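So this is what it looks like as structure tokens:
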């Protein structure tokens, strides 16, 4: 039985987790020859290695302000006995997340990769608390998401400084050029349970070491993961998921995935993506 057949035989596995064989499952290189914010060399790096790192959004004062806001948000979640990883999809409920997601400088960078019409469909704080012994399996984001074609670009914005002993996110450079890959369930102490089979064959992990206020960009087909946080400090980053407006869900059964989508820049003449208004406060309910 093939991997796809095994996946299809499991009733609890969504059909978008199977291995696609058509062209939409392949990485589509960025062809922008006149970028306005990124350098041509950075776009070439994205095409070759699947990511761009150490981009600057916030100065020290702005980064400190973001961290204080996140500290308050995390404390509210913890008071309700909710996991540090649970702050997922709150950009249409919390004003300061919306403001970051629609920040013009951030969108300028994303536009050079996706074009002028940009949709944010998801956000998630990945927060490793001090001495957190959970890992994030080496995976492809595209495996988890019901979107085609695979054009999601993720911004990873550092809330805290990220050092080597803090369980930084690690990329497997160039792995995105192999398309969507077979996976297996990982039952160890992990946050995400789908692991690319034999991911070690794609080379040594490259750690994303950043200062608070810096961000990276990576494609949804790039294999990445992280180890435990062995330090006494927190390691948190905000992920923001962007697509051009021509991306679609594979089936209307998954409409819940786009209910909080935001057209951040440009237009969606098709009317496919929902219209949202900026939240006026930071309400988690």
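Numbering (my numbering), first residue to last: 44 to 328.
For every residue, glycine included, the Cβ atom is placed at its ideal position computed from N, Cα and C.
For clarity, every value in this text was computed on a predicted model and none was experimentally measured.
Runs of the beta strand (DSSP E) spanning 3 or more residues and lying entirely within the segment 79 to 152 occur at 94 to 99, in chain order.
Shown here for residue 233: same chain residues with a beta carbon closer than 7 Å to its own, the five before and five after excluded, namely 177, 178, 179 and 180 in chain order. Counting the other CB atoms within 10 Å of its CB gives residue 212 a total of 16 or more, which places it among the buried residues. Residue 243 carries a helical assignment under DSSP once its states are collapsed to helix, strand and coil. The beta carbon of residue 228 is closer than 8 Å to those of 236, 237 and 238 in its chain, skipping five residues each way along the sequence. Boundaries of the alpha helix (DSSP H) harbouring residue 187: 184 to 187, taken from the DSSP string. Per the DSSP secondary-structure output, residue 197 pairs in a beta bridge with 261 and 284.
Here the C-alpha atom of residue 266 lies approximately 5 Å from the C-alpha atom of residue 182. Beta-bridge partners assigned by DSSP to residue 168: 281. The three-state reading of DSSP puts residue 251 in coil, since its state is none of H, G, I, E or B. Around the Cβ of residue 261, a 10 Å sphere holds 16 or more other Cβ atoms; the residue is buried. In the displayed model, residue 177 falls within coil according to three-state DSSP, outside both helix and strand. In terms of Cα proximity to residue 57, the closest of 203, 245, 189 and 201 is 189.
The secondary-structure analysis by DSSP pairs residue 325 across a beta bridge with 137. Using a 10 angstroms sphere on the CB of residue 107, the tally of other CB atoms stays under 16, which defines it as exposed.
Residue 227 sits in a strand when the DSSP states are folded into three classes. For residue 308, the uninterrupted beta strand (DSSP E) segment begins and ends at 305 to 308. Under the Cβ criterion (8 Å, minimum of three pairs), the segment 156 to 168 counts as touching the segment 273 to 291. Secondary structure at residue 296: helix, using DSSP grouped into helix, strand and coil. Inter-residue distance for residue 240 and residue 231 is about 15 Å (C-alpha atoms, whole angstroms). In the structure shown, the three-state DSSP call for residue 161 is strand. Following the DSSP letters along the chain, one finds residue 212 inside the beta strand (DSSP E) bounded by residues 212 to 214. Taken through DSSP and simplified to helix, strand or coil, residue 237 comes out as strand.
Here the C-alpha atom of residue 155 lies approximately 28 Å from the C-alpha atom of residue 170.
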